[in-house]
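Written below as structure tokens is the structure these notes are about.
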Amino acid sequence: MPDLVAQAVEALADAGARLEPGLSGAELAAVQARWGVSLCGDHAAFLGLGVPVGDGWVDWRHDPDEVLRERLRAPVDGLLFDVTHNEFWPASWGARPADPDEATERAATVLAGWPKLVPLYAHRYLPAGPYPSPGPVLSVVQSDVIWYGSDLLEWVQREFLGVPLPTHTPRPEIANWSRLADGYDDYDL
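Quick note on numbering: the numbering used here labels position 97 of the sequence shown as 97, and the sequence is numbered without any gaps.
Right, here's the structure in full:
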């Protein structure tokens, strides 16, 4: 879906976002190797066309390591926070341990098997690769997961141009994360 990604970058520029030159193939490979994450095809293509910079954006070239590390860990860390402080515990995880530390440890083990999400902007995420195009954009704050676009173009239009998210758009599946976005909360994930 390169055309869709190019349209998303163009719409972002039209919305006034500041874009630096895109990451080269070598830079993309270095980012993925350094952080142990694979960018989905849409995300890599997006960053190859232009790197948005400014408040909220992930700047793979200039953000300090600790900032990037925190942003990469945020989706899982947020769920662990809700396990520890807000009684989040899906039925598929079995009986919740009475000891809070043990519950958090068991949750961390389960979450290690979930698909990884890669930060895009603020608390918006794309699935890590390999993931087929188009890759959906999710808003993730702790266990509050919301669909923000079925693809990058739909997300840019919603986030920066105020276009409502169509209700009829098919939403790609991201194991477990999709069910949270669909409102399954503490049900069987």
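Even for Gly, the Cβ is constructed at its ideal location relative to N, Cα and C. Note that this is a predicted model, so its numbers are computed, not measured.
Residue i - partner residues in DSSP beta bridges
| i | result |
| --- | --- |
| G242 | For the chain, the structure presents residues 1 to 189; residue 242 sits outside this window and is missing. |
| A128 | L39 |
| W57 | Y121 |
| E154 | Note: E154 sits in no beta bridge, so no partner. |
| E20 | V51 |
| D144 | V141 |
Test item: CB-CB of residue i and residue j under 8 Å
| i | j | result |
| --- | --- | --- |
| V53 | E20 | yes |
| L72 | P119 | yes |
| A17 | F46 | no |
| L23 | V51 | yes |
Beta-carbon contacts of residue i that lie in its chain and below 6 Å, excluding the five residues immediately before and after
| i | result |
| --- | --- |
| I174 | P115, P127 |
| V31 | W60 |
Other residues of its chain near residue i: CB distance less than 7 Å, five sequence neighbours each side excluded
| i | result |
| --- | --- |
| P75 | L117, Y125, V140 |
| F81 | Q142 |
| W35 | L68, L72 |
| D63 | none |
| E13 | Inspection of the sequence shows that residue 13 is occupied by Ala rather than by Glu. Counting only Cβ-Cβ distances below 7 Å, and skipping sequence neighbours, we find L19. |
CA-to-CA distance, residue j to residue i, given in whole angstroms
| i | j | result |
| --- | --- | --- |
| P110 | S38 | Correcting the residue type first, residue 110 is Val in the shown sequence and not Pro. Their Cα atoms are separated by approximately 20 Å. |
| C40 | E10 | 20 Å |
| R180 | L79 | Reading the sequence as shown, one finds Leu at residue 180 and not Arg. About 11 Å. |
| S133 | Y184 | 25 Å |
| Y121 | E70 | 13 Å |
| S178 | S92 | 15 Å |
| A29 | A44 | 10 Å |
| V145 | P170 | 17 Å |
| A6 | L49 | 7 Å |
| R61 | L4 | 24 Å |
| V163 | L153 | 11 Å |
| D42 | A33 | 18 Å |
| Q99 | P172 | It should be pointed out that residue 99 corresponds to Asp in this sequence rather than to Gln. Cα to Cα, D99 sits roughly 36 Å from P172. |
| R106 | D77 | 13 Å |
| G56 | H123 | 8 Å |
| K101 | A112 | Lys is not the amino acid found at residue 101; the sequence shown has Asp there. Going from the Cα of D101 to the Cα of A112 covers about 17 Å. |
Close Cβ partners of residue i (< 8 Å) along its chain, the five nearest in sequence each way excluded
| i | result |
| --- | --- |
| A103 | V83, T84, W89, R96, P97 |
| G149 | P136, V137, W155, V156, Q157, R158, E159, L165 |
| A15 | V156, F160, L161 |
CB contact check: residue i to chain D, cutoff 8 Å
| i | result |
| --- | --- |
| Q32 | The structure shown contains no chain D; it is built from a single protein chain. |
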